[in-house]
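See structure below.
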Amino acid sequence: MVEKKEISEKKEVATKKVKKITKEEQSKPEMSASLEILEKIEKMNVLELADLVKALEEKFGVTAAMPVAMPANAGGAASGEAKEEEKTDFEVVLKEIGPNKIKVIKEIRTITALGLKESKDLVDGAPNTVKEHVDKKAAEGIKEKLEAVGAVVEIK
């Protein structure tokens, strides 16, 4: 009997909590409306979401695209000062192998840390990019090493 009484008390407490929550939701209609909208959005698929975004953009005259930041030196270029930016990112390209294919493959292995097969494939497929996104000094060093073994190299 005591157990049944405890269970009924727990049910009463639970129903009181539910009633309290519903009263709070009714007192804050904007909160429950927001929750309803979020729940509906969670259930939408990607196409429906894309349509929703388009409709919101048209309705409120806004855009969901991220703003593009202007470069730091854009003010000078806009005022008529045309400055050429110094290139800091270079690409080393093997144009031709030359007469010493094996030496070129060995140099490619040391420069790129590729395996023998990958280095051979890179050399056989010339013209190919040996190294990308290197500074000018490193690119010059790579070029000198490859030209020392007879290859023709270009820095872009």
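Numbering-wise (this note's numbering), the sequence shown opens with residue 559 and increments by one.
Using N, Cα and C, we set each Cβ at its ideal position, and we do this for glycine too.
7 Å CB neighbourhood of residue i in its chain, flanking five on each side removed
{"i": "A684", "result": "L652, K653, E654 and I655"}
Three-state class that DSSP yields for residue i in the structure shown
{"i": "V688", "result": "strand"}
{"i": "E644", "result": "coil"}
{"i": "I655", "result": "coil"}
{"i": "S590", "result": "helix"}
The alpha helix (DSSP H) enclosing residue i, as first and last residue numbers
{"i": "L610", "result": "V604 to F618"}
{"i": "I666", "result": "K659 to T670"}
{"i": "K694", "result": "K694 to A706"}
{"i": "K678", "result": "L674 to D682"}
Cβ shell of residue i (< 8 Å), same chain only, five flanking positions each side left out
{"i": "L680", "result": "L652, I666, T670, L672, N686 and V688"}
{"i": "K661", "result": "V707 and G708"}
Where residue i falls, given that 16 or more other Cβ within 10 Å makes a residue buried
{"i": "A608", "result": "exposed"}
{"i": "A709", "result": "buried"}
{"i": "K701", "result": "buried"}
{"i": "G677", "result": "Here residue 677 turns out to be Ser, not Gly, going by the sequence shown. It is buried - the Cβ of S677 has at least 16 other Cβ atoms within 10 Å."}
Opening and closing residue of the beta strand (DSSP E) in which residue i lies
{"i": "V711", "result": "V710 to I713"}
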